[in-house]
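The structure appears below as structure tokens.
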Amino acid sequence: QTKLLKLPLTMQTERGKCLAQRNADFLVSYMAKLSAELKGDYETRDEAVIQMFATHQ
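Written out as structure tokens, the structure is:
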């Protein structure tokens, strides 16, 4: 998972970086939502997950 989050840093073009960053942001959001749901919270995202992976962006 963290390997995919570093992908935007390896892109050679601005368009590639933009697309890769958008996908990395989606992945973090998805993981945060999944984590919250696994804990029984179906309404929000797990902010701890967002903070943990924010450093990779």
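As numbered in my numbering, the sequence shown has no gaps in its residue numbers, which increase by one up to the final residue, 59. All C-beta atoms, glycine included, are put in the ideal place defined by N, C-alpha and C. Fair warning: this is a prediction, and the values are worked out from it, not measured in the lab.
Distance between residue j and residue i (C-alpha atoms, nearest Å)
| i | j | result |
| --- | --- | --- |
| Gly-42 | Lys-8 | 30 Å |
| Arg-47 | Leu-11 | 25 Å |
| Val-30 | Val-51 | 7 Å |
| Met-33 | Phe-55 | 10 Å |
| Gln-59 | Glu-49 | Only weak support is given to the placement of Gln-59: the predicted model assigns it a pLDDT of 49, under 50, and the question is left unresolved by the model. |
| Lys-35 | Gln-14 | 30 Å |
| Asn-25 | Gln-53 | 17 Å |
Limits of the unbroken alpha helix (DSSP H) element including residue i
| i | result |
| --- | --- |
| Thr-12 | It is not in any alpha helix (DSSP H) - Thr-12 carries neither H nor E in the DSSP assignment. |
| Glu-16 | 16-40 |
| Glu-49 | 49-56 |
Residue i in three-state terms, based on DSSP
| i | result |
| --- | --- |
| Thr-46 | coil |
Subject >> Stretch pair the segment 17-26 + the segment 36-54: three plus CB contacts closer than 8 Å >> reply: no
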